[in-house]
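Undergrad:
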Amino acid sequence: MKVLGYDVNIKKASILAQAETPNNSGKRNPGIIKIAQGFKDTSRKDIQKWRQALQLMQHPEEPKFNAYYDLISDLLTDGHLQSQIQMRKMSTLNSNFQVINRKTKDINEDLSFILQQQWFYEFLEHAIDHIIFGATLIEFSEFQNEKIKHTIIPRRNVVTTQKKIFPDLQKPQFIDYANPMFENWLIQIGKNGELGILNNIIPNLIWLRNVMQAWAEFCEKFGLPLITATTNTTDTNTINNVHAMLLQLGEASVGTFPTGTEIKFQEANRTDAYNTYLQFIKTNMDMVSKQLVGSTMLSDQGSNRSQTEVHERTLDKKIAQADKRLISFIINDQLFPLLEAQGYKISPEDMFEFKPAEEVLNLKDLWSITDGLLKSGHEIPLDWLSKSFNIPIDSKKKSITITPNKPIIALSEQRYPTSCCPSTIVAVGGAMGRLLTKLNSQLIKEIYNKSDTSGIAGKMIVLEALELFKGLKSKFSSTTQYTGPDLLMLQMMEYNLFEFTASKTEARLSAMTNLLIDKENKKLREYSDFKALCEKETKEFNSNWLQTEYNLSVAVGQNSANYIRMINEKDKVTSYVQYQTIGDGSVRNSHRALDGRIFNLSDKNAMDLLPPNGYGCRCEFVQYIGDTKGKVTTGKYAKELLVEQDPKYRNSQFEVNRANLKQVFTKKQFYTDIKGLPEKLNKMTFDKYGLKAHASFKDSLKNIELDDTITKENVKELFKKEKGETYMGFEDYLGRKMTLDKAIFDDHIENHYLNEKEQRDKIFPHIKDILKKPDEVWYYDTNNNGQKFQSRYIKFYKDKVIIIDCDLDEKKGLKIKTWYPMKAIENKIRKGLKIK
Numbered sequence: 001m002k003v004l005g006y007d008v009n010i011k012k013a014s015i016l017a018q019a020e021t022p023n024n025s026g027k028r029n030p031g032i033i034k035i036a037q038g039f040k041d042t043s044r045k046d047i048q049k050w051r052q053a054l055q056l057m058q059h060p061e062e063p064k065f066n067a068y069y070d071l072i073s074d075l076l077t078d079g080h081l082q083s084q085i086q087m088r089k090m091s092t093l094n095s096n097f098q099v100i101n102r103k104t105k106d107i108n109e110d111l112s113f114i115l116q117q118q119w120f121y122e123f124l125e126h127a128i129d130h131i132i133f134g135a136t137l138i139e140f141s142e143f144q145n146e147k148i149k150h151t152i153i154p155r156r157n158v159v160t161t162q163k164k165i166f167p168d169l170q171k172p173q174f175i176d177y178a179n180p181m182f183e184n185w186l187i188q189i190g191k192n193g194e195l196g197i198l199n200n201i202i203p204n205l206i207w208l209r210n211v212m213q214a215w216a217e218f219c220e221k222f223g224l225p226l227i228t229a230t231t232n233t234t235d236t237n238t239i240n241n242v243h244a245m246l247l248q249l250g251e252a253s254v255g256t257f258p259t260g261t262e263i264k265f266q267e268a269n270r271t272d273a274y275n276t277y278l279q280f281i282k283t284n285m286d287m288v289s290k291q292l293v294g295s296t297m298l299s300d301q302g303s304n305r306s307q308t309e310v311h312e313r314t315l316d317k318k319i320a321q322a323d324k325r326l327i328s329f330i331i332n333d334q335l336f337p338l339l340e341a342q343g344y345k346i347s348p349e350d351m352f353e354f355k356p357a358e359e360v361l362n363l364k365d366l367w368s369i370t371d372g373l374l375k376s377g378h379e380i381p382l383d384w385l386s387k388s389f390n391i392p393i394d395s396k397k398k399s400i401t402i403t404p405n406k407p408i409i410a411l412s413e414q415r416y417p418t419s420c421c422p423s424t425i426v427a428v429g430g431a432m433g434r435l436l437t438k439l440n441s442q443l444i445k446e447i448y449n450k451s452d453t454s455g456i457a458g459k460m461i462v463l464e465a466l467e468l469f470k471g472l473k474s475k476f477s478s479t480t481q482y483t484g485p486d487l488l489m490l491q492m493m494e495y496n497l498f499e500f501t502a503s504k505t506e507a508r509l510s511a512m513t514n515l516l517i518d519k520e521n522k523k524l525r526e527y528s529d530f531k532a533l534c535e536k537e538t539k540e541f542n543s544n545w546l547q548t549e550y551n552l553s554v555a556v557g558q559n560s561a562n563y564i565r566m567i568n569e570k571d572k573v574t575s576y577v578q579y580q581t582i583g584d585g586s587v588r589n590s591h592r593a594l595d596g597r598i599f600n601l602s603d604k605n606a607m608d609l610l611p612p613n614g615y616g617c618r619c620e621f622v623q624y625i626g627d628t629k630g631k632v633t634t635g636k637y638a639k640e641l642l643v644e645q646d647p648k649y650r651n652s653q654f655e656v657n658r659a660n661l662k663q664v665f666t667k668k669q670f671y672t673d674i675k676g677l678p679e680k681l682n683k684m685t686f687d688k689y690g691l692k693a694h695a696s697f698k699d700s701l702k703n704i705e706l707d708d709t710i711t712k713e714n715v716k717e718l719f720k721k722e723k724g725e726t727y728m729g730f731e732d733y734l735g736r737k738m739t740l741d742k743a744i745f746d747d748h749i750e751n752h753y754l755n756e757k758e759q760r761d762k763i764f765p766h767i768k769d770i771l772k773k774p775d776e777v778w779y780y781d782t783n784n785n786g787q788k789f790q791s792r793y794i795k796f797y798k799d800k801v802i803i804i805d806c807d808l809d810e811k812k813g814l815k816i817k818t819w820y821p822m823k824a825i826e827n828k829i830r831k832g833l834k835i836k
């Protein structure tokens, strides 16, 4: 015969079905597999036959699947089983789906239309069938645009463990469908030899069948009472007539008997015998239901409503969700490549997904949400309001000025007051400003095109945060120590700056998105108009506001570093500080009121006055050495002096000690809430930044040079502890200090960490170089809880990618917690904020 255009040594003529290739567009299978009709065993089934069928499937040389699937086919006549299978299928098949671009989230309308055809619905049903019945082989026969034809090759004729199709089970000839020539026409759904969940309940189905049959026989024998007749005649003909009338009496209940004949109806003594059958049948039906739909209450009559609804949610939100996830894998990983090979336009970014179920709100809840949106300034179409709430609206509301729904910060003409001490501390770099403008323009374009903005947003967050960190760090003195309150404070303030700029970028996005629609004309703005409005809206973000934020970072860095030094010298030099202004005419009155005042470092209220005490503040604390008798001012009194001149100071975000808080910007100074930041960081993978995968450039790199002489014993000599400490100190490319605890080191030179794949002992000498010269550095949130960042250093080699992960100990500072060669999927590693 010919299968897919190739000769197979099978003489049976009926197997061959040659398909002609049409002249019009589309493709047809050059040879359709024809299966010879053979004998199917329909005899009474028992457990022994099931076990024999399984043994035939597990034969090491010539496995046969036909006996097993003949048994399955016979058992499928069970009505209860069919109802449970249909319920399982419908829970998935009644879901909507779509094909989207995984990066842009745009719907691929053309491909979605192709899948919204009958052939695809049947394909989905086959995909679910494999969960129930086991591995399924599908043959595609024709591709004509959206019209596609396919059929299942009977499971009884397929031996998936050996990739064989037996067109005629009476003959040894087979087709090896693992041959690459068939890959564009055949799809195997499921693993080789997979039997499906139905195999788990075959004993229950067999018992159901046999017990039902036994009950039928019981009903036949004992359902009607036994009828007996006693007669005083010995005449054979008369007795035969009486017997014939007794048989008719069971149906007609009328009979004519000779004189002397006594008729008796013998009722059964036991009336509850049916329970033996009923309970056994119910138990096995329950087992079938639980296996297929996870419960028994979805189809049982008289079930409790609340419990039924719980079980419905189990089917829809757990079992069906798992089925949908598995089917999505099948479509994306098997069907789409086959369709692409047949000439359909499918990009690597196209992804099939089931739409999440829409939850229907009652009118009360819907109105509560709608009312909240209206009060927040959102404009909601009148026709939607009228339709949703069944209210006729035919008159225009009187014109009322509604503030557009912008971030609170974006509404302010002046986020930062200009009455602060006006002199500029340090100007923001020109190159940085130009790069920020470029990114701003890209962001505008991506928002208008509804593209994924995560990569550009990440770049903007990092660009501004590093600029602010440069200002913060400029006033910190270098130190040879690897731990200390100053280093801890600096690291926590750095993380704080990244959180702050993340909130700023989110505010930018929100402000720009709000400008997409011309609300007066209720239409999408032209790109040129949208771009001009966005540039105007974000001008302050990128210039004056950034300048103020940079100056504040410098002031916080200077004063916080001095504060830590003064605290350390409190018992050695002096425990008093003096408030000093810059002394020029720009000093505001509230700060002048504190000029020359002496405070005790132990006075918490006084330390809340640690400058800066406002935006642009150039004041500072200096150590005071001299007579303090009668000269010390309490912090409480000093605050009253300041508030007297500036009432807005009380409970403001400057009535805090930023050094103790370890923050440059308080949470209330953030542009927006950043609760969703961890989730967004996980989406900022390397490809969103326009970076290439390691596999695409590794050939241009050198292999890592590992010293084979290093062993578990001698590597310990390379661990150089700091004097009097249990850790080894390291420094990265920006001078950040970090430590590696001896316990962590010891854990990494034991057991499986020393095998050929890990080689942690041989990688250890490279840690210093990797930290000093990393190829990439990422800030990410490994716990996805928004509590703190973690640092990841990456170095690329031809044969490996080495990763060093650091964590922040909020008492000790930055610590190395592990180092290892990359094994996970790359976008799980290279993600977050790429700071280098």
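Taken in order, the sequence shown gives residues 1 to 836; the numbers are from UniProt numbering.
A virtual CB, placed ideally from N, CA and C, is assigned to each residue, including glycine.
Predicted, not measured: the structure shown is a model, and the values here were computed from it.
1. How close, in whole Å, do the beta carbons of residue 505 and residue 461 come, if the pair is a contact with beta carbons under 8 angstroms?
2. Smallest Cα separation from residue 178: which of 154, 495, 808 and 137?
3. Quick one: Cα of residue 134 to Cα of residue 293, how far?
4. Just tell me which of 331, 469 and 591 has its CA closest to the CA of residue 546.
5. Please work out which residues of its chain come closer than 8 angstroms, Cβ to Cβ, to residue 813, disregarding the five sequence neighbours upstream and downstream, and give them in chain order.
6. Run through DSSP, which three-state label would residue 776 get?
7. Pick out whichever of 573, 637 and 825 has its Cα sitting closest to the Cα of residue 603.
8. If you reduce the DSSP assignment to three classes, tell me which class residue 353 lands in.
9. So, helix, strand or coil for residue 139, using DSSP?
10. Taking the continuous alpha helix (DSSP H) assigned at residue 185, which residues delimit it?
11. Would you mind listing the beta strand (DSSP E) stretches within the region 726 to 753 that are 3+ residues and don't spill past its ends, in chain order?
12. Quick one: what's residue 806 bridged to in DSSP?
13. With residue 706 and residue 759 assumed to form a contact (beta carbons below 8 angstroms), what rounded beta-carbon distance in angstroms separates them?
14. So, helix, strand or coil for residue 321, using DSSP?
15. Could you tell me which of 59, 199, 623 and 382 sits nearest to residue 572, measuring between CA atoms?
16. Our contact map puts residue 198 next to residue 72 with C-beta atoms below 8 angstroms; I'd like the distance itself, whole angstroms only.
17. By DSSP, does residue 821 sit in helix, in strand, or in coil?
18. Whose CA, out of 560, 185 and 774, lies closest to the CA of residue 340?
19. Could you tell me which of 63, 370, 343 and 821 sits nearest to residue 192, measuring between CA atoms?
20. Would residue 142 and residue 151 be called neighbours here (beta carbons separated by less than 7 angstroms)?
21. Report yes or no: do three or more beta-carbon pairs, one from the region 344 to 355 and one from the region 86 to 102, lie closer than 8 angstroms?
22. Jot down the residue ranges of each uninterrupted alpha helix (DSSP H) in the region 84 to 153, minimum 4 residues, whole runs only, in chain order.
23. Give me whichever residues DSSP pairs with residue 653 in a beta bridge.
24. Straight-line CA distance for residue 203 to residue 164?
25. Under 7 angstroms between the Cβ atoms of residue 793 and residue 804?
26. Who are residue 834's beta bridge partners in DSSP?
27. Can you tell which of 148, 633, 82 and 649 has its C-alpha closest to the C-alpha of residue 595?
28. Going by DSSP in three states, residue 620 sits in which element: helix, strand or coil?
29. Quick one, are the C-beta atoms of residue 780 and residue 681 less than 7 angstroms apart?
30. Would you report the Cα separation of residue 91 and residue 160, rounded to the nearest angstrom?
31. Hey, residue 127 and residue 327: beta-carbon distance below 7 angstroms or not?
32. Under 7 angstroms between the Cβ atoms of residue 754 and residue 712?
33. Going by DSSP in three states, residue 524 sits in which element: helix, strand or coil?
34. What is the residue span of the alpha helix (DSSP H) that residue 68 lies within?
35. Return the CA-CA distance between residue 494 and residue 694, expressed in angstroms with no decimal places.
36. Go ahead and pull the three-state DSSP assignment for residue 505.
TA: Taking the definition as stated:
1. The sequence position of residue 505 within the sequence shown is 505, counting from 1. The sequence position of residue 461 within the sequence shown is 461, counting from 1. Contact holds; Cβ gap of about 5 angstroms.
2. Looking up residue 178 in the sequence shown gives position 178. The shortest Cα separation from residue 178 among 154, 495, 808 and 137 belongs to 137.
3. Here residue 134 corresponds to residue number 134 of the sequence shown, with the count starting at 1. Here residue 293 corresponds to residue number 293 of the sequence shown, with the count starting at 1. Rounded to whole angstroms, residue 134 to residue 293 spans 17 angstroms at the Cα level.
4. Residue mapping note: residue 546 aligns to position 546 of the sequence shown, counting from 1. The shortest C-alpha separation from residue 546 is found at 469.
5. The residue given as residue 813 occupies position 813 in the sequence shown. Excluding residues within five positions, the ones whose Cβ falls inside 8 angstroms are 482, 483, 484, 487, 488, 491, 737, 738 and 739.
6. The residue given as residue 776 occupies position 776 in the sequence shown. It is a strand residue.
7. Position 603 of the sequence shown, counted from the start, is the residue given in the question as residue 603. Nearest of 573, 637 and 825 to residue 603, Cα basis: 637.
8. Taking the first residue of the sequence shown as 1, we reach residue 353 at position 353. Residue 353 falls in the strand class under three-state DSSP.
9. Translated into the one-based positions of the sequence shown, residue 139 becomes position 139. In the structure shown, residue 139 sits in a strand (DSSP, three-state: E or B).
10. Start at 1 with the first residue of the sequence shown, and residue 185 comes out as number 185. Segment: none, residue 185 is in no alpha helix (DSSP H) and carries neither H nor E.
11. 727 to 731 and 737 to 741
12. Position 806 of the sequence shown, counting from 1, holds the residue named residue 806. DSSP lists 791 and 816 as partners of residue 806.
13. In the sequence shown, residue 706 corresponds to position 706, counting from 1. In the sequence shown, residue 759 corresponds to position 759, counting from 1. The pair is a contact, with the Cβ atoms about 6 angstroms apart (cut-off 8 angstroms).
14. As a first step, residue 321 is located in the sequence shown; it is residue number 321 there, counting from the start. Correct three-state label for residue 321: helix.
15. Start at 1 with the first residue of the sequence shown, and residue 572 comes out as number 572. When each option's Cα is compared against that of residue 572, the closest is 623.
16. The residue given as residue 198 occupies position 198 in the sequence shown. The residue given as residue 72 occupies position 72 in the sequence shown. Confirmed, about 7 angstroms.
17. As a first step, residue 821 is located in the sequence shown; it is residue number 821 there, counting from the start. DSSP places residue 821 in strand when its eight states are reduced to three.
18. For this step, residue 340 is matched to residue 340 along the sequence shown. Of the listed residues, the one whose Cα sits closest to residue 340 is 185.
19. Within the sequence shown, numbered from 1, the residue matching residue 192 stands at position 192. Nearest C-alpha to residue 192 among 63, 370, 343 and 821: 63.
20. In the sequence shown, residue 142 corresponds to position 142, counting from 1. In the sequence shown, residue 151 corresponds to position 151, counting from 1. No. Outside cutoff.
21. yes
22. 109 to 115 and 118 to 133
23. As a working note, residue 653 is residue 653 in the sequence shown. None; residue 653 has no bridge partner.
24. Counting from one through the sequence shown, the residue named residue 203 turns up at place 203. Counting from one through the sequence shown, the residue named residue 164 turns up at place 164. Answer to the nearest angstrom: the Cα atoms are 28 angstroms apart.
25. By one-based count along the sequence shown, residue 793 stands at place 793. By one-based count along the sequence shown, residue 804 stands at place 804. Contact: yes.
26. Numbered from its first residue, the sequence shown carries residue 834 at position 834. Bridge partners of residue 834: 778.
27. The residue labelled residue 595 in the question sits at position 595 within the sequence shown. With distances taken between Cα atoms, residue 595 lies closest to 633.
28. Walking along the sequence shown from the start, residue 620 turns up at place 620. Here residue 620 sits in strand by DSSP.
29. Within the sequence shown, numbered from 1, the residue matching residue 780 stands at position 780. Within the sequence shown, numbered from 1, the residue matching residue 681 stands at position 681. Their beta carbons are under 7 angstroms apart, which means residue 780 touches residue 681 by this criterion.
30. For the purposes of this step, residue 91 is identified with residue 91 of the sequence shown, where counting begins at 1. For the purposes of this step, residue 160 is identified with residue 160 of the sequence shown, where counting begins at 1. Their Cα atoms are separated by approximately 28 angstroms.
31. What you label residue 127 is simply residue 127 of the sequence shown in a count that begins at 1. What you label residue 327 is simply residue 327 of the sequence shown in a count that begins at 1. For residue 127 and residue 327, yes; Cβs fall inside 7 angstroms.
32. The sequence position of residue 754 within the sequence shown is 754, counting from 1. The sequence position of residue 712 within the sequence shown is 712, counting from 1. Against a cut-off of 7 angstroms, the Cβ pair of residue 712 and residue 754 comes out as a contact.
33. Your numbering for residue 524 matches position 524 in the sequence shown. Note: residue 524 maps to strand in three-state DSSP.
34. Position 68 of the sequence shown, counted from the start, is the residue given in the question as residue 68. Note, residue 68: alpha helix (DSSP H), 66 to 75.
35. Along the sequence shown, read from residue 1 onward, the residue named residue 494 stands at position 494. Along the sequence shown, read from residue 1 onward, the residue named residue 694 stands at position 694. Distance between the alpha carbons of residue 494 and residue 694 is about 29 angstroms.
36. As a working note, residue 505 is residue 505 in the sequence shown. Three-state DSSP puts residue 505 in a helix.
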